[in-house]
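Working notes, structure below.
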Amino acid sequence: MLSRLFGYFGCDVAVDLGTANTLIGVVGEGIVLDEPSVVAIDRASGRILSGGCAVGHLARQMMGRAPESIDVVRPLAEGVVTDYRQCEAMLRYFLRKARRRVLAPRPRVLVTVPGRATPVEKRAVFNSTHRAGAGAVLAIDQALAAAIGAGLPVAEPVASMVCDVGGGTTEVAVFSMGDAVAARSVRAGGDAMDQAVVDYLLRHYSLRIGLAAAEALRIDLGSAHPLPQERAHEIRGIDRVGGLPRRATITSEEVRQALAEPLEAILDAVKSTLDGCGPELAADLVDQGIVLCGGVALLPGLDRYLAEQTGLPVRVAQSPQTTVVQGALVCLEHLDRWRPAVASSDEDVH
Ligand SMILES: Nc1ncnc2c1ncn2[C@@H]1O[C@H](COP(=O)(O)OP(=O)(O)OP(=O)(O)O)[C@@H](O)[C@H]1O
Ligand SMILES: [Mg+2]
């Protein structure tokens with residue numbers, strides 16, 4: 440009876456709890472929320488600003504610009520929850536916003552977790568999601584959700600390879616017959632790239648810029664492979680020695696140089712995942728290739744860089760930033776089929 444009610448109200452919700460962005464999908468409705476994973480709190484009271492509404496887009500605008508009395512926090516780092524209290528508050532706000540029907544029962548929530556997460560970290564995600572208002576919590580591996588969302592034939596006896604490069608983590612996996620054959624989950628992604636840009640400017644220009652400015656510069660000028668037309672931009676920062684604001688002109692070649700190390704970390708994760716595949720599956724990948732997703736898949740030339748370095752075809756998923764939540768939605772819609780890949784909070788989490 441209860442499950443019939445559940446089905447009737449369509450209260451199944453998929454959450455891609457990302458380091459940079461949280462996406463929520465509702466079965467039967469599609470993606471209903473896509474907001475930065477950011478919360479702004481009043482330091483003295485510990486309360487969320489703007490009457491509990493300084494979450495997501497609103498909080499993101501305050502990053503790097505808030506006075507001392509305000510903490511603008513990202514409750515996740517490198518793919519895992521680092522601030523449980525704020526993660527719970529953020530999820531509660533997002534789930535409420537995503538559920539339009541006031542009378543709907545507490546939803547069943549399928550949340551994605553990176554392959555690297557420890558049992559303790561997975562438990563923390565379950566608990567935060569529960570306390571944030573979920574009736575039941577299920578979890579699925581982020582890379583599997585990505586592969587399903589990209590439409591790869593993961594259940595078939597053929598190799599499917601996915602590489603999800605997000606803000607905090609890069610998830611690489613090869614699937615065959617519904618299971619991961621080889622997988623790597625590394626702390627590399629957009630955040631590490633932004634830090635690399637900050638470090639580069641400090642080293643080569645004695646110029647200090649914030650992480651948000653570094654991200655804007657990386658999105659604007661960044662690339663992983665030479666561009667058909669290299670460009671340059673003027674940026675503003677603070678002189679490390681004099682402490683005064685000044686300008687500098689940075690080229691796209693320089694930004695690419697700054698990204699060399701994080702790009703290599705992504706490539707290493709791809710190569711070592713390939714090393715973990717047997718010869719038959721590796722041979723499949725010569726035809727099937729690698730599908731790239733996550734926000735950093737939009738970095739110009741990342742597909743070409745990985746293709747040249749691995750010798751495999753690489754393509755970017757159709758909508759790389761929504762691939763994971765789309766995959767989680769597919770799992771919820773066909774839970775009977777994907778049940779073995781889904782962990783629930785009342786089962787042991789491995
Ligand atoms: N056009 C673009 N070019 C390059 N990078 C981009 C672009 N748009 C977004 N990004 C980057 O994508 C990253 C966010 O990607 P995504 O939303 O997939 O991460 P996430 O899922 O929140 O993080 P994770 O999966 O690592 O926990 C950010 O670092 C952002 O700078
Ligand atoms: Mg992600």
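All residue numbers for the sequence shown refer to this note's numbering, where the first residue is 440 and numbers rise by one. Backbone N, C-alpha and C fix where the C-beta goes; we use that ideal spot for every residue, glycine too.
In this model, L646 and D638 are separated by some 9 Å (Cα to Cα). When the alpha-carbon of D481 is set against those of V730, D678, G495, I509, the nearest one is in I509.
For L549, the enclosing beta strand (DSSP E) has its first and last residue at 547 to 552. The DSSP assignment places complete alpha helix (DSSP H) segments of no fewer than 4 residues inside the segment 484 to 514 at 488 to 491, 496 to 501, in order along the chain.
When secondary structure is reduced to three states using DSSP, A589 falls in the coil class, being assigned neither helix nor strand. With distances taken between CA atoms, D603 lies nearest to R754 out of E772, R754, A594. The continuous alpha helix (DSSP H) containing S711 extends over residues 699 to 714. For T688, the enclosing beta strand (DSSP E) stretches over residues 684 to 690. For L738, the Cβ falls inside the 6 Å cut-off from some heavy atom of ligand 1. The DSSP-derived three-state label of C526 is helix. Per the coordinates, the alpha-carbon of D455 lies some 19 Å from the alpha-carbon of A622. By the CB criterion at 7 Å, T461 and E474 fall inside the cutoff. The Cβ-Cβ distance between T609 and A594 does not fall below 7 Å.
The three-state reading of DSSP puts P558 in helix, counting H, G and I together. A distance filter of 5 Å between CB atoms and the heavy atoms of ligand 2 selects the following residues in sequence order: G457, G605. The beta-carbon distance between I689 and L660, rounded to whole angstroms, is 7 Å. This is short enough to meet the 8 Å contact definition.
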